Amino acid sequence: MKSSIALLTLLAAAFNAQAADVTVEIKRFLFEPKEITVALGAKVVFINRDETLHQIKADDGSFVSKALDTDDRHEQVFATAGDFGYVCTLHPFMTGIVHVKK
Amino acid sequence: MHEPLDPSRRKTLGCLAAWSGAAVVWTLVGGVPRALGATSSGIAAGTSQHAFSFAQISDTHIGFNKPANPDVVGCLRRAAADLNALPQRLDLVVHTGDVSHLSKPEEFGQAHELLSEIRVDRVHTVPGEHDALDDGLNGYLKQFDHDGKNRAWYSFDQGGVHFIGLSNVLGFKMGTMTALGDEQLAWLKQDLAHVSHSTPIVVLAHIPMWTVYAQWGWGTADAGQALALLKRHGSVTVLNGHIHQVLQKVEGNVALHTAMSLAYPLPTPGQEGIGEPGPVKVPAGELGKLIGTRELTVVRGKHELAMIDTPLDHA
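Which chain is which? The protein sequence lines are Z and H, in order.
Residue 62 is where the first sequence starts when you use my numbering, and the numbers rise one by one after that.
Residue 37 is where the second sequence starts when you use my numbering, and the numbers rise one by one after that.
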């Protein structure tokens, strides 16, 4: 019984770690933070705080957002471990990276 | 929100104009438009029977509604009225991209309607990156497919000039500038093969065809290849938008010009205190001095085009 509870606690902890949203804000043509590390299955929320449009695209093409106007957001769940660099397709000097750990 | 643009910029542009005066006559002085057509040799192009006049407008951003300009529709209407009121009838209007702000069908539709208020034979456009959001150029091409080939590059001849419209808004690469791409460059080579070296050429493209400021992506990575193809032609004028301000560069027979927007100003390249190329909000009454239109006149036998940049607010 005890071990079952311990397992459930562990699972819950793992679930919480995965479910915790991480936010990346776009401010003054910069991704903040530019580099993040998240658990497998985590959801990253990108929010555009600029007056200018931005659009996020993964370097490997695995995800692309709609064009984000002011305060628009893009939610991305990372279901695969690895390093995912991304860029603003409209301003390719804006780059960021998400490290996804198992 | 940014600080207002440096008021001394117009003076600086005046100096640049003097520097390149051999190639292009610059008639913007302190934002005051001058009589059309003074050329380097003093001939009034506007009075020549052989002159062909057209206008460039750019970056209308129909759909934009932020504080930097809550009335972009009104600004395009004013520009249309100004062009219709010119003493000489224009033959053509070219729009160098960012017709819309969000690539929405209703924005393209409204822009198409507004542009049709300008009394000219035709309006030709090239796409900006704001016209290529989400579903690429599909929405744009529904309204602005100029030669029916469902692609954003094309050429046509009018008034003895060979016009070439290019698309440099789909080729963004990570950490670099945009590009025309090999397919378009191959088409350009083929297109130019049929154009005599003495025919004046006007190239339209949204993003500058020279590197204005790489840190902000203000340039086209493979523009050099396009310009190399154009070099052997006697008169080449490249008209760009994107950076919402007037800048120019002359390379041999190729003169490159960016234009004002009809929506809002952007900072000067690397402007001190401004770290990014976002809309600049200026005090009330200043906006109309920083957005506007350009009229151009081609005079047969002259390789330079006469140009006038006219702000919306003018005498």
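A virtual CB, placed ideally from N, CA and C, is assigned to each residue, including glycine.
Since we're looking at a predicted model, the values are computed, not measured.
- Not a single CB atom of chain H sits nearer than 7 Å to the CB of residue 145/Z.
- Close CB contacts of residue 200/H within its chain, under the 6 Å cut and outside five residues either way in sequence, are with 191, 239 (chain order).
- Neighbours of residue 94/Z in chain H, taken as residues whose beta carbon is under 8 Å from its own, are absent, since the nearest beta carbon is some 17 Å off.
- With fewer than 16 other Cβ atoms from the protein chains shown falling within 10 Å of its own Cβ, residue 106/Z counts as exposed.
- Closest in C-alpha terms to residue 228/H, from the list 340/H, 213/H, 267/H, comes 267/H.
- The three-state reading of DSSP puts residue 249/H in strand, counting E and B together.
- Taking C-beta separations shorter than 6 Å and ignoring five residues to either side along the sequence, the partners of residue 247/H in its chain run 255, following chain order.
- For residue 225/H, the enclosing alpha helix (DSSP H) stretches over residues 218 to 228.
- For the region 231 to 254 of chain H, the residues whose beta carbon sits under 9 Å from a beta carbon of chain Z are, in order, 250, 251, 252, 253.
- The beta-carbon separation of residue 147/Z and residue 104/Z, rounded to 15 Å, does not stay under the 8 Å limit for a contact.
- Counting the other Cβ atoms within 10 Å of the Cβ of residue 226/H gives fewer than 16, which makes it exposed.
- For residue 148/H, the uninterrupted alpha helix (DSSP H) segment begins and ends at 141 to 151.
- Residue pairing by DSSP puts residue 144/Z in a beta bridge opposite 160/Z.
- Ranking 237/H, 302/H, 213/H by CA distance to the CA of residue 335/H puts 237/H first.
- Non-local C-beta neighbours of residue 195/H in its own chain, meaning closer than 7 Å and more than five positions away in sequence, comprise 88, 127, 334, ordered along the chain.
- Counting the other Cβ atoms within 10 Å of the Cβ of residue 204/H gives 16 or more, which makes it buried.
- In the pairwise beta carbon analysis, the region 271 to 280 of chain H is classified as touching the region 121 to 138 of chain H: at least three pairs are separated by under 8 Å.
- Within the same chain, 98, 99, 100, 101, 142 come within 8 Å of residue 162/Z by CB-CB distance, once the 5 residues on both sides are set aside.
- In this structure, the beta-carbon distance from residue 230/H to residue 269/H does not fall below 7 Å.
- The Cβ-Cβ distance between residue 114/H and residue 348/H falls below 7 Å.
- Neighbourhood of residue 101/Z in chain H, by CB distance below 7 Å: empty, with the nearest CB roughly 24 Å away.
- Inter-residue distance for residue 302/H and residue 206/H is about 22 Å (C-alpha atoms, whole angstroms).
- Using a CB distance below 8 Å, the part of the region 122 to 136 of chain Z facing chain H consists of 127, 128, 130, 131, ordered along the chain.
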